[in-house]
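Working notes, beginning with the structure itself.
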Amino acid sequence: MPILEGQRPKGRRESYVLPKVPVPPLKETLDKYLTSIKHLVEEEQYQKTKAIVEKFGEPGGTGDLLQKKLLERSEKTYNWVYDYWLEDMYLNQRLALPVNSNPAMVFPKQNFRDRKDSLRYVTRALPVDFARGQLAGTPLCMKQYYRLFNTYRRPGLKQDTLIIHQPGSLEQGHIIVACQNQFFVLDLVLKGKKLKEMDILTQLEKIVKMAENKEERQPPIGLLTSDGRTEWAQARDVLIKDSVNSESLAVIEACLCVVCLDGPSGMECGDTSRALLMLHGGGYEKMGANRWYDKPMQFVVGEDGVCGTVCEHSPFEGIVLVACTEYLMKFMTGSPSKMGRAISVSELPAPRRLLWKMSPKIEGLLKASAERLQRLVRDLDMDVHKFEAYGKEFIKKQKMSPDAYIQIALQLAFYRCNGRLVSTYESASIRRFHEGRVDNIRSATPEALAFVKAMTDEEASLSDSEKMKRLCDAINVQTNYTIAAITGLGIDNHLLGLREISRELSMEMPEIFTDKTYVASNQFILSTSQVPTTVEMFCCYGPVVPNGYGCCYNPQSEHLLFSVTSFHGSTETSSAVFIRALDEGLLEMRELCKKANKKQHFTEFRIIIKL
Ligand code: COA
């Protein structure tokens, strides 16, 4: 029996060594909140918000009551924010998973000699012995690793459900192989024996052959999973009325992962095109139907060498995904191929094709899903850019945090493009706490605004040393915010907790959460995340609001990789324009640092001469 997230057994103790996420002091959060929005809203609006926040924070007021309840919740649970956060961030969201929610890892283009070569690549990538212990041994919470292969996000009319299969229930594990929009069941264990690479290769070859058989071809049901969550839930309700469909769905829900064998994309295979193919499959006409977006781990292996992973994000963060993917990549390239057999070819039964019972109603739903996916595909504006002038080593030499520096560069780019700063999200891992996921670093700080103005509007009137001072201030504040967030003192989770506990108490929603400022400050026009890798690959994801940017960056020693996304439908954004502004700003920031260094050396030299 799978267990549902939110119904975890309360008595079980895991990861005892890790502390619980703290509940920050109320006053601190409210003060930080006001500081974080003051320079982003009109003065009149700010004064309104300030009054609302002060009323909320009055001694003995609503804030105190909710804080008390939150502290009680923290006593009673392993992680007071986990379920609130999961529902708010993922399960309650109604937008389609591709682009809007699922991130992707893009591997370097592989040069396969032929189809068999690409299948061999799959056999080396499968988690045949996915020993959980392999990735253990870190002081950070490892819980997310245990959700890589045993979870499934089932759509719901109002809220999705994250299903977690209990350990042991997947021992007879199977994977789903998608090929030509068909789904096949590949059992990894037969007669108590785990299939070896050679066995799996044989099975994959059979699947490729079976998929070519036009007479047995099934409708591209995977398209439904690319739709809005409510639409997919409605379609699923129709689908499961037939037992053939409900059985096929149950098999998919219980699989370890999906392997998508893509045909040639017909696109040139640059970074941006490969990233697009991972994020949305290129729509119905390309690989968009050769996916099952609810499944957290989908490995894509394209015949033309376009490979990567597409992930349903709710069970784990990008960092965990990277660790798992890097492990697999290193395994594939680093260990000798063991193409032995466990089972003789004649004993290997043919993989099973999943069947779907169609009706005119389901056909209509499929068509509608295909059209909506096509719209999403047309709308996504993506640009993957390698900034090669310098990387994190240069920044470290300036005695600055590379992450904070890049965040400031993103603020500068946004200001250059739009003449203002906006509410910004940077994910900060809180895995040092039990069941910790992420909180937010609000990077659009007042100090960042002062710096970007110094580099633009006030460029001509300020000295280099003043600009440098503002850069250092902005970086210091950003670094301090980062430290606060990763030690559980961010404000977004806390505010979310206060809001949700008031809902649980069936109170009238406190004004602080209905206030225009709060609503706007949760619209993350700039949604950013550092996802570093140690092997050649990169992560990408879409914007979280229609007029926003998604910006995932991967700092390397000598270069910085950015994947920027936005929507063509917005007149306020353009990924190419943003990238150009980012490039320009990063070069200017280096010049500024170099000038400051020269001046410092000159001053030090004069002191030495004097001495
Ligand atoms: N002078 C010199 N070096 C410095 C420095 C300074 N003032 N400040 C930091 N550095 C060094 C660090 O020691 C580190 O060195 P290393 O590369 O040898 O390890 C390096 O610079 C990077 O540090 P920094 O840039 O400060 O960032 P970070 O690695 O601590 O990352 C976060 C900051 C917020 C990105 C990180 O804490 C985090 O939370 N990551 C997870 C994000 C996430 O979850 N993403 C996925 C979401 S799906």
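Going by numbering that gives the first Met the number 0, the sequence shown opens with residue 0, and the numbers climb by one from there.
Where is the CB? At the ideal position from N, CA and C, for every residue including glycine.
- Residue pairing by DSSP puts serine 426 in a beta bridge opposite Asn439.
- Exclusion of lysine 49 from the 7 Å shell around the ligand COA follows from its C-beta lying no nearer than that to any non-hydrogen atom of the ligand.
- The alpha-carbon separation between tyrosine 292 and arginine 579 amounts to approximately 32 Å.
- Just measuring C-alpha positions, the residue of Arg430, Met286, Asp226 sitting nearest leucine 372 is Asp226.
- Nearest to serine 426 by C-alpha distance, out of Glu214, Asp303, Ala483, His173, is Ala483.
- When C-alpha distances from alanine 443 are compared across Glu211, Pro21, Tyr32, Lys294, the shortest belongs to Tyr32.
- The secondary-structure analysis by DSSP pairs glycine 307 across a beta bridge with Val105, Val299.
- According to DSSP, residue pairing for proline 263 in a beta bridge does not occur.
- Shortest gap from the CB of threonine 423 to any heavy atom of the ligand COA: 7 Å or more.
- Inter-residue distance for glutamate 284 and lysine 385 is about 29 Å (C-alpha atoms, whole angstroms).
- The straight-line gap separating the alpha-carbon atoms of alanine 274 and valine 383 is approximately 8 Å.
- Distance from the CA atom of methionine 266 to the CA atom of glutamate 211, rounded to whole angstroms, is 22 Å.
- Per DSSP, threonine 271 is one residue of the alpha helix (DSSP H) stretching across 270 to 279.
- Beyond the five residues adjoining it in sequence on each side, valine 437 comes within less than 7 Å, by CB distance, of Glu316, Ser426, Ala427, Ser428, Ile429 in the same chain, given in chain order.
- Between histidine 493 and proline 23, the C-beta gap is smaller than 8 Å, which places the two residues in contact.
- The ligand COA approaches serine 528 closely enough that one of its heavy atoms is under 7 Å from the residue's Cβ.
- Here the alpha carbon of glutamine 92 sits roughly 29 Å from the alpha carbon of alanine 403.
- The C-alpha of alanine 575 lies about 36 Å from the C-alpha of lysine 157.
- According to DSSP, methionine 381 shares a beta bridge with Thr564.
- Taken through DSSP and simplified to helix, strand or coil, leucine 118 comes out as helix.
- Of the residues assessed, asparagine 99 falls on the buried side of the cut-off, its CB having 16 or more other CB atoms within 10 angstroms.
- One thing to note: isoleucine 174 has its Cβ no nearer than 8 Å to the Cβ of phenylalanine 182.
- Taking C-beta atoms as the reference points, aspartate 63 and leucine 25 count as a pair closer than 8 Å.
- Contact check for leucine 238 against leucine 222 fails: the beta carbons are separated by 8 Å or more.
- Cβ-Cβ distances below 8 Å link leucine 70 to Val22 in the same chain, with the five nearest sequence neighbours on each side left out; the list follows chain order.
- Look at threonine 61 here: in three-state DSSP terms it is helix.
- For tyrosine 151, the enclosing beta strand (DSSP E) has its first and last residue at 150 to 153.
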